[in-house]
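As they're listed, the protein sequences go chains A and B.
Each residue of the first sequence is one higher than the one before, starting from 2 at the first, in the numbering used here.
Each residue of the second sequence is one higher than the one before, starting from 2 at the first, in the numbering used here.
Number of protein chains: 2
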Amino acid sequence: MIQAPENSVFDASGHDHGACIHDALTRAETLCAQQGLRLTAIRRRVLELIWENHRPTKAYDLLNSINAERGNAAPPTVYRALDFLLDAGLIHKIESLNAFIGCDAAHGDGHPKFLICRACERVAEIPSPAVDTALAREAKRAGFTIDHETIEIGGTCAACAQRG
Amino acid sequence: MIQAPENSVFDASGHDHGACIHDALTRAETLCAQQGLRLTAIRRRVLELIWENHRPTKAYDLLNSINAERGNAAPPTVYRALDFLLDAGLIHKIESLNAFIGCDAAHGDGHPKFLICRACERVAEIPSPAVDTALAREAKRAGFTIDHETIEIGGTCAACAQRG
DNA sequence: CTTTAAATGTTATATACTAACGATTGAATA
DNA sequence: TATTCAATCGTTAGTATATAACATTTAAAG
């Protein structure tokens, strides 16, 4: 189990990880039901593995886990599940790590933004309307239409900075 | 030659590409001389190829170009040159494309930020103190120390939007 | 049921990157 | 200028990430 640090967005103290995973899956089921998407066994399991890990998770780690359980997965099995989950907005890809993390909807309506601690490998999905506004202004100035934002801030979280 | 669109940061009208490449290499030479870095033939040629392309350029495309010229390059040849150029701040890696682009210093002192047109594949490196400020504020709120920012905004540039 | 589109299995391959070690080069200095 | 030593480069091999293509299975809809 992850040791609990003490700051806000990275805070894991009082984090009931079992409930966290359960909630994420419930949200996924609700969303898929609403949108007429099929959360199949593989897709559900991949999502669950990502939430269990609660860190950016690599495709081949997922592949190994799936294979340990069912013994018959090839890369496309996992990549197709990941593509589905990405399209459904249930996970995000962290481009700078080639890894995937559950969407906790902390970005609200805005674009997702991540603080990534290199020491503990944990990721916080943060809202920041101010960043969105500033980027929207820059885009407008350039006559640029935004589709997607990749905002990944690498560094050190408070807990890791404190422990040296 | 790239057809010239008409907006600001993506503007290529009146762009003398030969001079642009030449300037970039001159800047690189100056910087390396100042810092006691060795801009060797391979490193220089890789940088030049990236600027000639003037788009995010893949490592293996560079490898193929080098091989067409000299016939004896393996992946490490290119990756080592890219590592050098990255460390020297002469190029940036676009994480969302696994590709590399010349640093045009448009970010000034701040972290580099990119507008990436999916239609024409061109990239504009934009300054935005407002974005930097907003992110710094969010990081501070979280007690997070920033090392590196990956900010890549995908979308459509004005010229591509106009031509449909 | 039957049909059919979606999902999955399977094989193969493309793309991205790195480790390790020997050979060469070139800058510093004896 | 000869020597030395660290930086650079060549080379082989391997690991990591991702996709193409097509066969088979599943399950939703008629």
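From the three backbone atoms N, C-alpha and C, an ideal C-beta is built for every residue, glycine too.
Given this structure, state the Cα-to-Cα distance separating residue i from residue j, to the nearest angstrom.
i, j, result
"B:L64", "A:A140", "34 Å"
"B:D110", "B:D133", "10 Å"
"A:D17", "A:E53", "12 Å"
"B:R56", "B:R119", "11 Å"
"B:H112", "A:R28", "36 Å"
"A:V79", "B:I117", "28 Å"
"B:E153", "B:K114", "6 Å"
"B:I22", "B:Q163", "28 Å"
"A:E146", "A:G72", "One point to set straight first is that residue 146 of chain A is Thr, not Glu, in the sequence displayed. Whole-angstrom Cα-Cα distance: 45 Å."
"A:N8", "A:E126", "Because A:N8 carries a pLDDT of 47, less than 50, the predicted location of this residue cannot be relied on, and the following value inherits that uncertainty. Distance between the alpha carbons of A:N8 and A:E126 is about 14 Å."
"B:R45", "B:C121", "26 Å"
"A:G37", "A:L50", "23 Å"
"B:A25", "A:P76", "41 Å"
"B:L136", "A:A131", "8 Å"
"A:D62", "A:G144", "41 Å"
"A:D88", "B:A160", "28 Å"
"B:L40", "A:D105", "46 Å"
"B:A42", "A:I43", "50 Å"
"B:G15", "B:G103", "19 Å"
"B:A74", "A:A60", "30 Å"
"A:L83", "A:D148", "20 Å"
"A:F170", "B:A13", "The structure shown does not extend to residue 170 of chain A, since chain A is modelled only from 2 through 165, so no value can be given for it."
In chain A, what lies closer than 9 Å to residue i by C-beta?
i, result
"B:C158", "A143, G144, F145, T146"
"B:V47", "Simply none; closest approach about 22 Å."
Buried or exposed for residue i, going by 16 or more other Cβ atoms inside 10 Å?
i, result
"B:H93", "buried"
"B:R123", "buried"
"B:H108", "buried"
"A:A100", "buried"
"A:T58", "buried"
"A:T31", "exposed"
"A:G156", "buried"
"B:E150", "buried"
"A:S129", "buried"
"A:A20", "exposed"
"B:R142", "exposed"
"B:S97", "buried"
"B:S66", "buried"
"A:G90", "exposed"
"B:A34", "exposed"
"A:A69", "exposed"
Going along chain B, which residues have a C-beta under 9 Å from residue i?
i, result
"A:I22", "In chain order: nothing, as chain B lies at least about 23 Å away."
May I ask which residues mark the beginning and end of the beta strand (DSSP E) holding residue i?
i, result
"A:H93", "92-95"
"B:D141", "Per the sequence presented here, residue 141 of chain B reads as Lys, with Asp not at that position. Here B:K141 belongs to no beta strand (DSSP E); instead the alpha helix (DSSP H) covers 130-143."
"A:H149", "146-157"
"A:C118", "114-118"
"B:A125", "124-127"
"A:A82", "Element bounds for A:A82: not the beta strand (DSSP E) but the alpha helix (DSSP H), 76-88."
"B:A100", "100-103"
Answer with yes or no whether the minimum CB distance from residue i to chain B is below 8 Å.
i, result
"A:L136", "yes"
"A:A106", "no"
"A:V124", "no"
"A:V79", "no"
Is any beta-carbon of chain A found at less than 8 Å from that of residue i?
i, result
"B:R164", "no"
"B:F85", "no"
"B:I3", "Model confidence at B:I3 stands at a pLDDT of 35, short of 50, so the residue's coordinates are unreliable; what they give is reported in the following sentence. No, B:I3 does not count as interfacial toward chain A."
By the criterion of Cβ-Cβ separation under 7 Å, what are the contact partners of residue i in chain B?
i, result
"A:L116", "A140, A143, F145"
Following the continuous alpha helix (DSSP H) through residue i, name the residue where it begins and the one where it ends.
i, result
"B:E1", "Only positions 2 to 165 of chain B appear in the structure, and residue 1 of chain B is not among them; the question remains open."
"B:F11", "That residue, B:F11, is in no alpha helix (DSSP H); it is neither H nor E in DSSP."
"A:E30", "18-36"
"B:A69", "60-71"
Find the residues of chain A that neighbour residue i, judging by a C-beta separation of less than 8 Å, and give them in chain order.
i, result
"B:T151", "E96, S97, T151, I152, E153, I154, G155"
"B:F101", "Within chain A, no residue comes near B:F101; the closest Cβ sits about 14 Å away, beyond 8 Å."
"B:V132", "V132, A135, L136, E139"
So which residues on chain B does residue i lean against when the C-beta distance must stay under 8 Å?
i, result
"A:I127", "E139, A143"
"A:R119", "D148"
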